[in-house]
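Order-wise, the sequence lines are chains R and Y. Using the working numbering, you'd call the opening residue of the first sequence number 1 and step up by one each time. Using the working numbering, you'd call the opening residue of the second sequence number 362 and step up by one each time.
2 protein chains.
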Amino acid sequence: MRSLTVDLDARSYPIHIGAGLLARTDVIQAHLKAPLVAVVSNETVAPLYLAGISSALRDQGVRITEIILPDGELHKDWQTLNRIYDGLLNNRCERATTVIALGGGVVGDLAGFAAATYQRGVPFIQLPTTLLAQVDSSVGGKTGINHPLGKNMIGAFHQPRLVLADTDTLKTLPDRELHAGLAEVIKYGLVRDASFFDWIESNMDKLLARETGALTYAIERSCINKAQIVAEDEREAGVRALLNLGHTFGHAIEAGLGFGDWLHGEAVAAGTVMAAELSRRLGWLSSADCVRTTALLQQAGLPTQGPALGADRYLDLMALDKKVTAGKMRLVLLKGIGEGVVCTEIGANDMRAAIEACCHG
Amino acid sequence: MRSLTVDLDARSYPIHIGAGLLARTDVIQAHLKAPLVAVVSNETVAPLYLAGISSALRDQGVRITEIILPDGELHKDWQTLNRIYDGLLNNRCERATTVIALGGGVVGDLAGFAAATYQRGVPFIQLPTTLLAQVDSSVGGKTGINHPLGKNMIGAFHQPRLVLADTDTLKTLPDRELHAGLAEVIKYGLVRDASFFDWIESNMDKLLARETGALTYAIERSCINKAQIVAEDEREAGVRALLNLGHTFGHAIEAGLGFGDWLHGEAVAAGTVMAAELSRRLGWLSSADCVRTTALLQQAGLPTQGPALGADRYLDLMALDKKVTAGKMRLVLLKGIGEGVVCTEIGANDMRAAIEACCHG
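In structure tokens form, the structure reads like this:
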């Protein structure tokens with residue numbers, strides 16, 4: 001088991017990464033405020049792991065409420081959030097009840113937002129079961145839901161008390177989900193960790209073959225990067241914005257196609273190519289590094305071209321993103337591999353050209 | 362103008378109380394993060410004050426979005442909250458947009474929760490226009506909405522940057538709303554400020570006659586009490602719970618009748634009588650002080666008996682309240698006037714007897 005800490009003073013918490021961790025309900029129990037738990041999962045993940053966790057916790061004297069949601073980004077909305085509230089209230093969950101998210105990014109974001117807002121906030125634990133959730137969304141306290149007009153538009157910062165990333169769960173993960181998680185792994189290399197990027201290039205075969213050692217290392221190094229950034233800038237006043245590389249373009253893809261058509265990581269991959277291409281056009285990223293970026297995403301089984309929504313539609317959707325300040329879009333671009341920068345002065349024509357160069361059709 | 366501060370370190374903020382303050386848009390502007398504002402109001406309050414505030418702010422170069430909600434506790438729900446999100450998104454409000462609540466407690470709670478959760482949190486200002494909002498709900502950062510199964514069950518702590526309480530708005534307040542606000546004023550006297558209780562007894566005629574001096578004093582002293590408690594215990598881990606005197610019984614009345622039938626302050630008044638009666642039965646409050654409490658609430662034009670829901674229905678609804686811990690109800694009772702205490706060990710039979718003694722029929 002590998003362990004690290006997200007350093008946020010009184011709200012610091014551990015991340016443990018390793019095989020078989022979902023069986024470590026003793027670790028979960030040590031982080032409960034009271035022997036009261038509500039596990040939120042989805043129809044895909046619950047049948048695999050929920051019964052084991054619930055029965056082990058029950059044996060330890062914990063009262064369990066189970067709340068099972070439909071699977072998919074499409075359901076990251078008000079209606080599904082209200083199913084969590086209904087479950088919590090119908091089972092008389094209290095302020096001392098710990099909400100546990102068992103699933104991928106969507107379950108974590110929904111359960112985390114419910115935990116942030118149920119009775120004005122209850123304790124929260126993340127048990128991420130997808131690569132994307134283990135390397136990114138379960139760490140850092142971002143929670144929320146989508147609005148028809150934009151992704152993650154409604155939400156809260158609510159840090160978990162514990163993150164347990166069981167690498168065994170990746171064995172049953174569909175290929176498409178594994179690849180989507182790799183998009184966020186590659187992101188850390190691109191924005192701040194060039195030697196990690198090199199490592200990913202050298203070890204992509206092992207990652208795709210799901211070698212436990214390689215996956216564990218990739219998760220740990222991703223979490224180290226994320227934990228450093230979150231400790232420095234919890235509420236994204238500055239450096240945390242770097243982690244949005246590819247996300248503004250990506251959110252436009254997700255919203256433009258309707259949430260759930262592309263996976264989040266897939267949209268981020270195509271968005272990252274657009275950001276790299278725009279960086280190249282601005283003379284910031286060399287053509288060789290732009291090619292390396294696209295090639296690595298492609299090697300990871302990810303799309304490197306966006307859907308043909310039309311550049312104007314992209315710009316329109318991007319203008320709705322949370323990263324707009326004083327009417328100006330904030331984009332994460334690259335000055336090199338391992339060197340992300342936040343930019344606000346990019347012209348629409350440059351954006352349009354980069355989008356058009358990276359779209360189908 | 363009277364001014365005081367809620368002392369919360371970096372999140373400290375001023376409360377200004379006085380006549381004509383809604384015209385002081387310069388004070389509002391000084392607390393904006395950017396010249397971007399979304400004013401949330403309701404159909405009753407907006408026609409009275411919104412045009413003046415918006416045009417003054419526009420003259421100062423501020424971009425204004427106006428969001429008008431239906432009036433009443435009945436609308437403190439998901440549907441109405443989503444109208445705020447829709448308004449914010451359709452008008453491309455950003456993270457730097459300040460949400461301003463112009464209205465009573467319902468508008469403040471809804472707008473505050475929207476501000477807490479829109480793009481994971483934007484700045485917030487309170488312009489309370491009812492006595493209840495000026496003495497209680499606009500101060501301290503509690504925001505939220507009701508769930509069919511319980512009042513304020515979904516919400517967040519989100520402190521405003523400024524509270525401007527314009528006492529002129531009380532001139533047009535319906536009597537019933539004025540009386541409802543007095544329930545919370547009396548509460549401060551009962552739980553921690555016996556000499557204020559005496560003052561209210563001596564000055565009730567002036568308060569009911571809406572004498573500006575008396576109202577301003579009552580608001581200021583209420584806010585001083587609330588600010589002290591919030592500074593000590595922002596998230597209600599301890600002493601802040603005292604401010605829930607009468608609220609657990611009161612929430613049962615509101616939920617039992619359907620939100621909006623009784624005003625919140627009216628339900629709190631009847632609930633306070635129940636708490637006083639229960640305190641008397643436990644031998645904690647003298648009969649004379651119990652009578653004084655009931656008499657003062659009655660003098661304020663408030664109900665001192667609850668609706669005949671049946672004691673078991675009360676207990677059932679109370680068990681759903683947020684103040685339940687480890688299955689035990691937490692009640693605020695009185696050891697004397699000015700001496701509130703939080704109790705968890707009250708037997709159901711004692712509660713039942715107190716409820717039955719204080720209900721119609």
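For each residue, glycine too, the CB sits at the ideal point set by N, CA and C.
Non-local C-beta neighbours of THR172 (chain R) in its own chain, meaning closer than 7 Å and more than five positions away in sequence, comprise LEU48, ordered along the chain. Counting along the chain, THR143 (chain R) sits inside no alpha helix (DSSP H); it lies in the beta strand (DSSP E) bounded by residues 142-147. Under the DSSP assignment, GLY464 (chain Y) falls in the beta strand (DSSP E) whose first and last residues are 459-464. TYR13 (chain R) and GLY574 (chain Y) have their alpha carbons spaced roughly 52 Å apart. Of all residues in the region 505-527 of chain Y, only GLY505, HIS508, LEU510, GLY511, MET514, ILE515, GLY516, ALA517 and PHE518 come within less than 7 Å of chain R when Cβ atoms are compared, listed by chain position. Judged by DSSP in its simplified three-state form, ALA472 (chain Y) adopts helix. Nearest to GLY464 (chain Y) by C-alpha distance, out of Y:GLU434, Y:GLN589, Y:GLY516 and Y:GLY662, is Y:GLU434. Taking the CA atoms as reference points, THR366 (chain Y) sits about 14 Å from HIS392 (chain Y). Annotation: Cβ neighbours of TRP78 (chain R) in chain Y (cutoff 8 Å, chain order): TRP439 and ASN443. Within a 10 Å sphere around the beta-carbon of LYS323 (chain R) sit 16 or more other beta-carbons, which makes this residue buried. Its Cα nearest to that of PHE485 (chain Y), the residue Y:VAL398 stands out among Y:VAL398, Y:MET635, Y:MET514 and Y:ASP650.
Only PHE113, ALA114, ALA116, THR117, TYR118, GLN119, ARG120 and GLY121 from the region 99-125 of chain R bring a Cβ to less than 9 Å from some Cβ of chain Y. One Cα belongs to ALA649 (chain Y), the other to LEU450 (chain Y), and the distance between them is close to 56 Å.
THR705 (chain Y) sits exposed, since fewer than 16 C-beta atoms from the chains shown fall within 10 Å of its C-beta. Where MET274 (chain R) is concerned, there is no enclosing beta strand (DSSP E), although the alpha helix (DSSP H) around it starts and stops at 264-281. In its chain, beyond the 5 residues on either side, LEU242, LEU243, LEU245, VAL332, LEU334, GLY338, GLU339 and GLY340 have a beta carbon closer than 8 Å to the beta carbon of VAL191 (chain R).
In the DSSP assignment, the residues bridged to GLY18 (chain R) are R:ASP166. Residues of the same chain with a CB within less than 7 Å of the CB of GLU562 (chain Y), apart from the 5 flanking positions on each side, are LEU657 in chain order.
Close to chain Y, meaning a Cβ-Cβ distance shorter than 9 Å, are the following residues of the region 317-338 of chain R: ALA319, LEU320, LYS322, LYS323, VAL324, THR325, ALA326 and GLY327.
Shown here, THR129 (chain R) sits in coil according to DSSP, grouped into three states, outside any helix or strand.
When DSSP states are grouped into helix, strand and coil, ALA412 (chain Y) belongs to the helix group. Nearest Cα to ILE53 (chain R) within the set R:VAL45, R:LEU22, R:ILE67 and R:ASP71: R:LEU22.
For ALA649 (chain Y), no chain R residue has a Cβ inside 9 Å of its Cβ, as the nearest lies near 36 Å away. Boundaries of the alpha helix (DSSP H) around GLU254 (chain R): 247-257.
If you look at GLY181 (chain R), you'll find it isn't in any beta strand (DSSP E); it sits in the alpha helix (DSSP H) that goes 175-192. Of Y:ASP387, Y:THR490, Y:ALA476 and Y:GLY516, the smallest CA-CA separation from THR405 (chain Y) is found for Y:THR490.
In this structure, the alpha-carbon of ILE425 (chain Y) lies about 11 Å from that of ALA395 (chain Y). Comparing alpha-carbon positions, the option among R:THR304, R:ARG240 and R:ALA231 lying closest to PHE249 (chain R) turns out to be R:THR304. When Y:ASP432, Y:TRP560 and Y:THR386 are compared, the shortest CA-CA separation from ALA412 (chain Y) is found for Y:THR386.
Flagged as an interface residue toward chain R: TYR446 (chain Y), by a C-beta distance shorter than 8 Å.
Where CYS290 (chain R) is concerned, the enclosing alpha helix (DSSP H) starts and stops at 287-299.
With respect to the 8 Å criterion, ILE84 (chain R) and ALA114 (chain R) are classified as neighbours on the basis of their beta carbons. With 16 or more other Cβ atoms inside 10 Å of its own Cβ, HIS436 (chain Y) counts as buried.
Ranked by how close their Cα comes to the Cα of ILE145 (chain R), the residues R:THR80, R:GLU177 and R:ALA276 have R:THR80 in first place.
Contact annotation for GLU455 (chain Y) against chain R: VAL324 and THR325 [CB-CB distance below 7 Å, chain order]. The continuous alpha helix (DSSP H) containing LYS587 (chain Y) extends over residues 573-593.
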